[in-house]
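To keep things clear, I will list the structure first and then write my remarks on it.
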Amino acid sequence: MIAGAGTGLGREVALKFASEGSVVFGTAESAAQVQDLKVASGGRVSLAACDITNMQGLRAWAEGVSEALDGAGLDVLVILQEAHETGPLEAMPLDAIRRELELNVVGAIAVINAFLPSLRVARGRVIQVSSWIARLAVPFGGLSAASTAALEALSAAYRAEVQPSGVDVVMVTTDLIVPGDTDRSTRPVRPISDLTPAQRDLYGKRLATATTRLEELAIGGTHVAEVAAQVVQIAQAPAAASHVPVGDRAIEIVAAARSKNDADLDAFRLSLVGLG
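Residue numbers (our numbering): 16 to 291.
Spelled out as structure tokens, the structure:
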């Protein structure tokens, strides 16, 4: 089961599982994405257009998937971030902040809780996919850093709580991901034109520099197909690791976050986005 399988990494993970013979369920944002995955997978991926923040709809969908499993249990649940809002925190609309936290944090908890009974039956595994920004918050990426860091904390707590009942929880920290040819998703960046004149004076040049640098880092990141293959490999490994960084940049940043002092980390985060 993959939450967020309509585009990007979720789509690639769904197709990779399907190509290896798995039956895949998941959520998508639209009916068009549902049909796209059905065709691309030869019918092995069954998605539903579902807003995971709508508890009634989520519950109904989860019950339908559980019935389709027919008592067999769920082997793997993959949770991906649903929202990535970037920009100066001072200029971020509160509605956008609430929406990202609702999708990425509250939604993830709701999905995990909905499928824990089926995961226990199969002694399955939860794969929570995060990004290195959870370990190294950068300027203008604070909201995404906050929601992904929350997911990492939740994964650690879930791991301790559900392992005694046979369910593994793995955190995967990825590099910035190079999209595939069919990926139409984009990472929304709050444009400088959305800022007030005073905010443009404060943030405009630095925001433009950081945005350009992050785009450059993404170009040099890890291709979505490679990340998807590693996520599937992690899901199928005989023994579950608690945390796996995927991609050279992710490995570097996870190591830096563990070894550098606060002053060095502050310098590192600025230099990473071209503001050092």
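For every residue, glycine included, the Cβ atom is placed at its ideal position computed from N, Cα and C.
- A Cβ-Cβ separation of about 14 Å leaves residue 89 out of contact with residue 20 under the 8 Å criterion.
- Assigned with DSSP and collapsed to three states, residue 64 falls in strand.
- Going by C-alpha positions, residue 109 is about 12 Å away from residue 117.
- Apart from sequence neighbours up to five positions away, the residues of its chain that approach residue 239 with a beta-carbon distance below 6 Å are 24, 27, 192, 194, 195, ordered along the chain.
- Shown here, residue 134 sits in a helix according to DSSP, grouped into three states.
- Pairing residue 151 with residue 268 gives a Cβ-Cβ distance under 8 Å.
- Spatial neighbours of residue 190 in its own chain (CB-CB distance under 7 Å, excluding positions within 5 residues in sequence) are listed in chain order as 147, 236, 237, 261, 262, 263, 264, 265.
- By the neighbour-count criterion, in which 16 or more other beta carbons inside 10 Å mark a residue as buried, residue 79 falls on the exposed side.
- In this structure, the CA atom of residue 47 is about 14 Å from the CA atom of residue 60.
- Proximity to residue 168 across 180, 156, 178, 149 peaks at 149, based on C-alpha coordinates.
- Counting every other CB atom within 10 Å of its CB across the protein chains shown gives residue 291 a total below 16, marking it as exposed.
- Under the three-pair Cβ rule at 8 Å, the region 248-260 counts as touching the region 173-187.
- By alpha-carbon distance to residue 228, the top candidate from 245, 270, 285 is 285.
- Residue 170 is not a Cβ neighbour of residue 133, given a cutoff of 8 Å.
- Listed as beta-bridge partners of residue 183 by DSSP are 140.
- Beyond the five residues adjoining it in sequence on each side, residue 74 comes within less than 6 Å, by CB distance, of no other residue in the same chain.
- Looking from the CA of residue 212, the closest CA among 92, 106, 166 belongs to 106.
- Taken through DSSP and simplified to helix, strand or coil, residue 87 comes out as coil.
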